[in-house]
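Sequence order for the protein chains is A and B.
Under numbering that gives the first Met the number 0, the first sequence has 211 at position 212, and the numbering climbs by one with no breaks.
Under numbering that gives the first Met the number 0, the second sequence has 429 at position 430, and the numbering climbs by one with no breaks.
Glycine residues also receive a C-beta, built at the ideal position from the N, C-alpha and C atoms.
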Amino acid sequence: MEIDAELLSPREINSQVKAAACEYDKIIIKNPNAKHYLIAGVTEDVEIELDGSVGYFAGSMCDKPKIKINGNAGWFVGDNITDGEIIVEGSGGDGAGQGIYGGTVIVKESVGSRTGEIMKNGTIIIGGNSGFMTGIFMMGGRIIILGDVGDDVAESIIRGVIYVKGEIKSLGYNAKLEELTFEDTLELEETLTKYGMDVDDYSEFKKIVPESTRPFYGH
Amino acid sequence: MPYRVERNPELCKKNFGRPGCCWYLCDDRDEKICGRCFSCFNNCPHGVYEIIQGDPYPLNQEKCVGCRICLEMCPNRAIEVNAIPEDARQGWGFPDIVEIVRQAQTASYKLRSTGALRKIPDFDDLVVIPAQVSRPPIDKYREPCGTDVVLGDRFAENPIKIDTPIMIGAMSFGALSKEAKMALAIGSSLAGTVTNTGEGGMLPEERELADKLIAQYASGRFGVSADYLKKGDAIEIKIGQGAKSGMGGHLLGEKVTAEVSRIRNIPEGSDALSPARHMDIVGPEDLSMKISQLREITDWKVPIMVKFASGKVASDVKIAAKGGADIIVVDGMQGGTGAGPEVIMEHSGVPSIASIVEADMALKEIGLRDQVSLVAAGGVRSGADLAKAIALGADAVYIATAALISIGCRVCQMCYTGTCRKGIATQDLSLRHRLDYKEMGKNVANYINTMTDEACMLVQQAGNTHITKLEKENLRSLSLEASALTGVPMAGVGRI
Numbered sequence: 000m001e002i003d004a005e006l007l008s009p010r011e012i013n014s015q016v017k018a019a020a021c022e023y024d025k026i027i028i029k030n031p032n033a034k035h036y037l038i039a040g041v042t043e044d045v046e047i048e049l050d051g052s053v054g055y056f057a058g059s060m061c062d063k064p065k066i067k068i069n070g071n072a073g074w075f076v077g078d079n080i081t082d083g084e085i086i087v088e089g090s091g092g093d094g095a096g097q098g099i100y101g102g103t104v105i106v107k108e109s110v111g112s113r114t115g116e117i118m119k120n121g122t123i124i125i126g127g128n129s130g131f132m133t134g135i136f137m138m139g140g141r142i143i144i145l146g147d148v149g150d151d152v153a154e155s156i157i158r159g160v161i162y163v164k165g166e167i168k169s170l171g172y173n174a175k176l177e178e179l180t181f182e183d184t185l186e187l188e189e190t191l192t193k194y195g196m197d198v199d200d201y202s203e204f205k206k207i208v209p210e211s212t213r214p215f216y217g218h
Numbered sequence: 000m001p002y003r004v005e006r007n008p009e010l011c012k013k014n015f016g017r018p019g020c021c022w023y024l025c026d027d028r029d030e031k032i033c034g035r036c037f038s039c040f041n042n043c044p045h046g047v048y049e050i051i052q053g054d055p056y057p058l059n060q061e062k063c064v065g066c067r068i069c070l071e072m073c074p075n076r077a078i079e080v081n082a083i084p085e086d087a088r089q090g091w092g093f094p095d096i097v098e099i100v101r102q103a104q105t106a107s108y109k110l111r112s113t114g115a116l117r118k119i120p121d122f123d124d125l126v127v128i129p130a131q132v133s134r135p136p137i138d139k140y141r142e143p144c145g146t147d148v149v150l151g152d153r154f155a156e157n158p159i160k161i162d163t164p165i166m167i168g169a170m171s172f173g174a175l176s177k178e179a180k181m182a183l184a185i186g187s188s189l190a191g192t193v194t195n196t197g198e199g200g201m202l203p204e205e206r207e208l209a210d211k212l213i214a215q216y217a218s219g220r221f222g223v224s225a226d227y228l229k230k231g232d233a234i235e236i237k238i239g240q241g242a243k244s245g246m247g248g249h250l251l252g253e254k255v256t257a258e259v260s261r262i263r264n265i266p267e268g269s270d271a272l273s274p275a276r277h278m279d280i281v282g283p284e285d286l287s288m289k290i291s292q293l294r295e296i297t298d299w300k301v302p303i304m305v306k307f308a309s310g311k312v313a314s315d316v317k318i319a320a321k322g323g324a325d326i327i328v329v330d331g332m333q334g335g336t337g338a339g340p341e342v343i344m345e346h347s348g349v350p351s352i353a354s355i356v357e358a359d360m361a362l363k364e365i366g367l368r369d370q371v372s373l374v375a376a377g378g379v380r381s382g383a384d385l386a387k388a389i390a391l392g393a394d395a396v397y398i399a400t401a402a403l404i405s406i407g408c409r410v411c412q413m414c415y416t417g418t419c420r421k422g423i424a425t426q427d428l429s430l431r432h433r434l435d436y437k438e439m440g441k442n443v444a445n446y447i448n449t450m451t452d453e454a455c456m457l458v459q460q461a462g463n464t465h466i467t468k469l470e471k472e473n474l475r476s477l478s479l480e481a482s483a484l485t486g487v488p489m490a491g492v493g494r495i
C-alpha cells in the first residue's frame, strides 16, 4: 500500500493511513515533505515507512505501529506513544520521545534539547548527541545516548535511568551518577544490538539516576 | 471568620444504647461501643476536638473553618457551630494572628483546598433587570424557556449538544473517589449535560455512566493515550486553573492506589509530577500546533477546548481563538482546587465576572465571537449566577465545588489530606462507602435542573424566551467595583 502525500494535507494523509492500517500490513508514504502531525494516533499493528523527512509531532500517541522515517524529524517525534516503535534514520528536533508510556523511539543521529521529558516508561535511543535538560521531569523508562549530552541532564527526575556513552556537560537537580553494573551492560548490549547500534565498549556508559524519589516534598 | 463550637454534654449522652444511632452509616457498627460515640472527634477534619477523661471537647476552636461536619454527624444534635464577628483590630484579627503564629512555628505556607474565600466582586454584585412595559415579561408558568446549547461547532464534526448550559468542571480521579466521579457522571447524564475527567485519566465507570464526557489534557499527561482522547466527547487542553494559576503539582505516591495507578498509567505508590506549564506549549504558535495535533489524533471529530486561569485574559483568549480552539474556558480566581497554597488562591487571578467580559470582548475584537464558544468557571453556585454569567457574555458555565456540595461536600478545605469524611475526596475504602453514588447522582441532576429552572425565571422575567438571549444590557450593578470590572451600568442612574 502506497500513499503519495505530495498534494495531501496532514488531515487527508492521516485519514488515509488510518483507513489503510486496518487493511494492510505495510504502508509506504511518499513525499511526506516535512509535514506536521503525520501518523498521529494510529493504533493498529502495522508497518509504516515514510520516504523523507517529517515535521513536528510525527507518530504522536501511536500504539503498536512500527514507523520508519527515512529522513529527519522535527520537534516531539514519538510524543506520548504508548507502544510500538519509531525509527528516525536522520536527526530529530527538541522533545524526542516526550511523555512516552511505552514502546521505543530511536533517532540514529543527534537530537535537540529536552529529550524524553515527562516520559513515564518505554525506551529512547539517540545515536548522536542530545541537548540540554535531557530527561527533564522523567518519571520512568530509560534513555540511551551514544554521543554527548548537554547541561542539566535529568533535571528533576524522580524515576527512570539515563545512560550516556559520551560526555555529560552537567547534571540537573536531583540527578546523580551511579556505577554501571554488569547487568546494565548486558541490557544495553541487548537493546542496542537489536537496532544495529552496537558499540565496542559498553563499560564506557555513564548511568544517571534520581538522587531522591521525592525531591520536592517530605524527602 | 472565627467560629464558636459548643458541645452540649447532656444531649451528647442521650439515647446511647441503641445500635446504628449515627445519622451516618457506622464505619464499624458495634453495639458494644455505641455508647462511646466520638463522632465529632473522629470526623472533624481540622482537629478541633480533643478527648479529655473520656469525653470529646472542642478545645482547638481556632482551627474551626465552619464546615459543620461534626454537627451534621452528631447522632444527638449536641453540637452548635456559630460564626462570631471579627474583632476590631482591622488587619490584626484573631485568624491573622493564628496564621502568623502557625507560620512562625512550622516555617510552612498554608496549604488548603477550595479557592479564593475572601470577599471580591462576584455575581451577587449584579442584578437582572425585569421587563415591564417597554418589553413584556414571559410567563414562567405557561410559556417555554429554551435552555439547550451547542458548543464547539467551529471545526469539530460532533459539537457538544447539551440540554442546559451548566457543565461539570474538571476534577480528577485520584483527587476524587471513584464513587464521587460516578455520582457526577450519573448526575450529568440525568441532567442532559456533560462532565469532565480532570487530569487523572478516564475511569471506565465514568465513561460508561456519562452520556457526554470531556477528556482533559493537562501538563503531566497522566493517562493520556490515543484511546483516551478518542473516548472523549471533547478534549480540554488545561493551560491553567483559577485557583492556582501557574502552579505545577506533585501528587504523592501515597495517593496513587492500584486503581489510580491503572487509570493514570503510572506505577502504584509512585509520585507524579505535573509541570507548571505544558513542556511543548510555551507560546502562541505552540498552542496552535497542539490544537492541530489533537485534532489529527481525534480525526477532527470532537471540539478542542482550551482552559485558562484568568490572568491576561484578552491576550490568552485571542491566542487560543486564533490558534483554532472551538471552545475557550476562563476560570476566575474563585475557581476551586483540591490542594494549593492559600497565598495563590487569595492573591492571584482575576474575578470571574471580570474575566467573562474581557474574554467576550476579546473574541468580538478579533471577529470570532460567533465561531468560538465561551465557558465561564469559578464560583458559580446558582441559577442566578448562571443567568448573570450568560448575560456577561458566556455561552455556558462550569460548576465544580457546587457539584461536590450537592453530593455532600461541606467545604472543610482539607481535600488534599485524602481523609474526606464524606467519601468524596479520598481513596480510603472505609470512607468511600459513605457515598451512595446512585442517590448522589440524582442529587447532582436535581441541583443542575433546579439551577436551570432558576435561570429561566430570570430570563423570562427579563422578557426573553431562551437562556442564551440574556445580554449585558439586562444587568445592573449594585457596586461600583463590579460596575468598573464589567462595564455593567450601576442600578438607578445607570452610570458606569
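On the DSSP bridge list, what partners appear for residue i?
i      : result
B:H249 : B:L272
B:V149 : B:K160
B:A308 : B:D330
A:K65  : A:E46, A:E84
B:E79  : B:E5
B:Y56  : B:E49
B:Q215 : B:E235
B:I404 : Note: B:I404 sits in no beta bridge, so no partner.
B:D86  : B:D86 is not bridged to any residue.
Quick one: what's got a C-beta closer than 8 angstroms to residue i's C-beta in the same chain, skipping five residues either side?
i      : result
B:W299 : F154, A155, E156
A:E116 : G94, Q97, G98, M132, G134, I135, F136, M137
B:L484 : P120, P350, I352, A353, V356
B:M304 : G151, I213, A233, I234, E235, I236, A324, D325, I326, I327, V328, V374
Could you tell me the distance, in whole angstroms, from the CA atom of residue i to the CA atom of residue j?
i      : j      : result
B:L208 : B:K139 : 32 angstroms
B:P200 : B:E267 : Per the sequence presented here, residue 200 of chain B reads as Gly, with Pro not at that position. The alpha-carbon atoms of B:G200 and B:E267 are separated by roughly 14 angstroms.
B:I290 : B:T297 : 11 angstroms
B:V371 : B:E205 : 28 angstroms
B:G335 : A:N13  : 39 angstroms
B:K62  : B:R6   : 16 angstroms
A:G58  : B:V301 : 20 angstroms
A:E154 : B:I50  : 48 angstroms
A:L49  : B:Q240 : 40 angstroms
B:T194 : B:G186 : 9 angstroms
B:W22  : B:Y227 : A caution first: B:W22 carries a pLDDT of 47, below 50, which makes its placement in the model unreliable, though a value can still be read off. In a straight line, the C-alpha of B:W22 is about 40 angstroms away from that of B:Y227.
B:V410 : B:F122 : 20 angstroms
B:C69  : B:G53  : 17 angstroms
A:E186 : A:G102 : 16 angstroms
B:L479 : B:V127 : 16 angstroms
B:C189 : B:A444 : It is Leu, not Cys, that sits at residue 189 of chain B in the sequence shown. The alpha-carbon atoms of B:L189 and B:A444 are separated by roughly 6 angstroms.
A:I125 : A:R113 : 12 angstroms
A:V160 : B:E284 : 32 angstroms
B:M72  : B:C39  : 7 angstroms
B:K321 : B:I280 : 15 angstroms
A:S169 : B:Y216 : 32 angstroms
Ignore the nearest five residues each way along the sequence and tell me which others in residue i's own chain have a CB closer than 6 angstroms to its CB.
i      : result
B:T256 : Q426
A:S109 : S90, G127, N128
A:L52  : Note that residue 52 of chain A corresponds to Ser in the displayed sequence, not to Leu. A33, G70, N71, listed in sequence order.
Residues in its own chain within less than 7 angstroms of residue i by CB, not counting five upstream and five downstream?
i      : result
B:L175 : I423, A424
DSSP three-state label for residue i, please.
i      : result
B:V4   : strand
A:D50  : strand
B:H346 : helix
A:M138 : strand
A:G77  : coil
A:Y201 : helix
A:D151 : coil
B:P340 : strand
B:T467 : helix
B:G241 : helix
Practice problem: Decide yes or no for the touch test of the stretch 34-50 of chain B against the stretch 406-420 of chain B: beta carbon pairs closer than 8 angstroms, at least 3 of them. | Solution: Cβ pair count under 8 angstroms is three or more, so yes.
(Q) Tell me whether the stretch 168-181 of chain A and the stretch 200-207 of chain A touch, counting them as touching only if at least three CB pairs, one residue from each stretch, are closer than 8 angstroms. (A) At 8 angstroms Cβ cutoff, the stretches touch.
Next item on the list: For the stretch 466-473 of chain B and the stretch 219-226 of chain B, state whether three or more C-beta atom pairs, one from each stretch, are separated by less than 8 angstroms.
Entry: A contact is defined here as three or more CB-CB pairs under 8 angstroms, and the stretch 466-473 of chain B fails this definition with respect to the stretch 219-226 of chain B.
Margin query: Below 8 angstroms, how does it come out for the stretch 160-177 of chain B and the stretch 391-404 of chain B: are there three or more Cβ pairs, yes or no?
Written below: Contact annotation: the stretch 160-177 of chain B touches the stretch 391-404 of chain B, with at least three C-beta pairs closer than 8 angstroms.
| said: Using a Cβ distance threshold of 8 angstroms, determine whether the stretch 378-391 of chain B contacts the stretch 74-90 of chain B, with at least three qualifying pairs required. | reply: Flag = no, the stretch 378-391 of chain B and the stretch 74-90 of chain B do not touch.
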